[in-house]
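Engineer: What follows is a single structure, and I will ask about it in a moment.
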Amino acid sequence: MTQTVDLNADMGESFGVWTLGNDSALLDIVTSANIACGFHAGDPDVMAQTMKLAVEMGVGIGAHPGFPDLRGFGRYRMHLPLPQLANAVRYQLGAAQAMAKVAGGHVRHLKLHGALANMCSENYEMAEACYRAALEVDSEIIIMVLAGTQQQKVVEALGCAYAAEIFADRAYNDDATLVDRALP
Numbered sequence: 533m534t535q536t537v538d539l540n541a542d543m544g545e546s547f548g549v550w551t552l553g554n555d556s557a558l559l560d561i562v563t564s565a566n567i568a569c570g571f572h573a574g575d576p577d578v579m580a581q582t583m584k585l586a587v588e589m590g591v592g593i594g595a596h597p598g599f600p601d602l603r604g605f606g607r608y609r610m611h612l613p614l615p616q617l618a619n620a621v622r623y624q625l626g627a628a629q630a631m632a633k634v635a636g637g638h639v640r641h642l643k644l645h646g647a648l649a650n651m652c653s654e655n656y657e658m659a660e661a662c663y664r665a666a667l668e669v670d671s672e673i674i675i676m677v678l679a680g681t682q683q684q685k686v687v688e689a690l691g692c693a694y695a696a697e698i699f700a701d702r703a704y705n706d707d708a709t710l711v712d713r714a715l716p
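The numbering of the sequence shown is this note's numbering, which starts it at 533 and goes up by one.
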């Protein structure tokens with residue numbers, strides 16, 4: 533097993549007339565990018581532009597699916613039936629793959645966003661539904677998981693390629709999940 537450090541950031545989160553972040557500056561620094569797929573942030577034009585820049589700069593492209601929550605930036609917990617959740621992941625990954633292909637690249641990894649990721653770090657069945665859905669679309673995709681959580685247990689059970697991540701700028705609970713941003 534090869535161990536490397538991948539400096540990774542979320543981007544492609546602007547949409548419509550709203551600009552969020554400086555993707556071109558971040559792409560000078562990171563080795564891979566989690567690009568929003570339109571549900572929690574981003575839109576088709578932003579996705580296309582961000583993926584084009586990532587390809588030009590040699591940055592690995594990742595799909596960053598989230599809950600359908602533009603207003604809350606994907607940070608509101610939603611309790612969706614697992615089949616509906618799986619379809620949302622498939623849909624967003626498919627959109628990311630199409631945009632990456634047109635940009636001359638490919639989606640190499642998937643990382644869940646915000647509340648979806650947080651809930652999957654706590655809930656095995658939810659994580660399994662999301663990751664199985666992604667693997668049905670692309671059996672070779674690398675799943676990025678929060679190290680030491682239910683997410684990691686799922687990918688290990690599935691036997692798929694995965695990368696375990698840590699956040700340098702966040703606090704952790706004793707069970708390896710992230711401390712809520714609202715708490716000090």
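Cβ coordinates follow ideal geometry from the N, Cα and C atoms, glycine included.
Quick one: grab the DSSP three-state call for G626.
Structural biologist: It is helical.
Engineer: Identify the continuous beta strand (DSSP E) that holds A679 and give its terminal residues.
Structural biologist: Counting along the chain, A679 falls outside any beta strand (DSSP E), and DSSP gives it neither H nor E.
Engineer: As a quick exercise: from A632, D560, S564 and D575, pick the residue whose alpha carbon is nearest that of G544.
Structural biologist: Taking only the C-alpha atoms, the option nearest G544 is D575.
Engineer: Rounded to a whole number of angstroms, what is the C-alpha to C-alpha distance between V686 and L559?
Structural biologist: Approximately 30 Å, taken between the alpha carbons.
Engineer: Rounded to whole angstroms, what is the Cα-Cα separation between A601 and G590?
Structural biologist: A quick correction: the sequence has Asp, not Ala, at residue 601. The straight-line gap from Cα to Cα measures roughly 30 Å.
Engineer: With three or more C-beta pairs closer than 8 Å as the rule, is the stretch 627-635 touching the stretch 649-668?
Structural biologist: Touching, no.
Engineer: DSSP three-state call for D575: helix, strand or coil?
Structural biologist: The answer is coil: DSSP assigns D575 none of H, G, I, E or B.
Engineer: Is the beta carbon of A628 less than 8 Å from the beta carbon of C569?
Structural biologist: Result yes, Cβ atoms of A628 and C569 sit closer than 8 Å.
Engineer: Please report the Cβ distance between A661 and L614, rounded to the nearest whole angstrom; I am assuming they are in contact, meaning their Cβ atoms lie under 8 Å.
Structural biologist: That pair is a contact at about 4 Å.
Engineer: Suppose contacts are defined by Cβ-Cβ distances below 8 Å. Is I593 in contact with R622 by that definition?
Structural biologist: Their beta carbons are not under 8 Å apart, which means I593 does not touch R622 by this criterion.
Engineer: Tell me which residues share the same chain as V578 and place their Cβ nearer than 8 Å to its Cβ, disregarding the 5 neighbours each side in the sequence.
Structural biologist: G544, E545, S546, F547 and A568, listed in sequence order.
Engineer: Leaving aside the five residues before and after H638 along the sequence, list all residues of the same chain whose C-beta is less than 6 Å from its C-beta, in chain order.
Structural biologist: If we look at H638 and ignore the five residues flanking it on each side, its Cβ neighbours are A632.
Engineer: So the beta strand (DSSP E) A696 belongs to, where does it begin and stop?
Structural biologist: Y694 to E697 is the extent of the beta strand (DSSP E) around A696.
Engineer: Indicate the three-state DSSP secondary structure (helix, strand or coil) for V669 in the structure shown.
Structural biologist: It is helical.
Engineer: Would a C-beta distance cut-off of 8 Å place F571 and G604 closer than the cut-off?
Structural biologist: Their beta carbons are not under 8 Å apart, which means F571 does not touch G604 by this criterion.
Engineer: In its own chain, which residues sit with a C-beta less than 7 Å from the C-beta of Q682, not counting the 5 before and 5 after it?
Structural biologist: Correct list, in chain order: C652, S653, E654, N655, Y656 and A659.
Engineer: Starting from A649, trace the alpha helix (DSSP H) in both directions and tell me its first and last residue.
Structural biologist: Residues G646 to E654.
Engineer: Below 6 Å CB to CB, which residues in the same chain sit around R607 once its five sequence neighbours on both sides are set aside?
Structural biologist: Within the same chain, R607 has close Cβ partners G646 and A647.
Engineer: Can you look up A585 in the DSSP assignment and give me helix, strand or coil?
Structural biologist: The amino acid at residue 585 is misidentified as Ala; the sequence shows Leu. Three-state result, L585: helix.
Engineer: Under 8 Å between the Cβ atoms of H596 and D542?
Structural biologist: Yes, Cβ-Cβ distance for H596 and D542 is below 8 Å.
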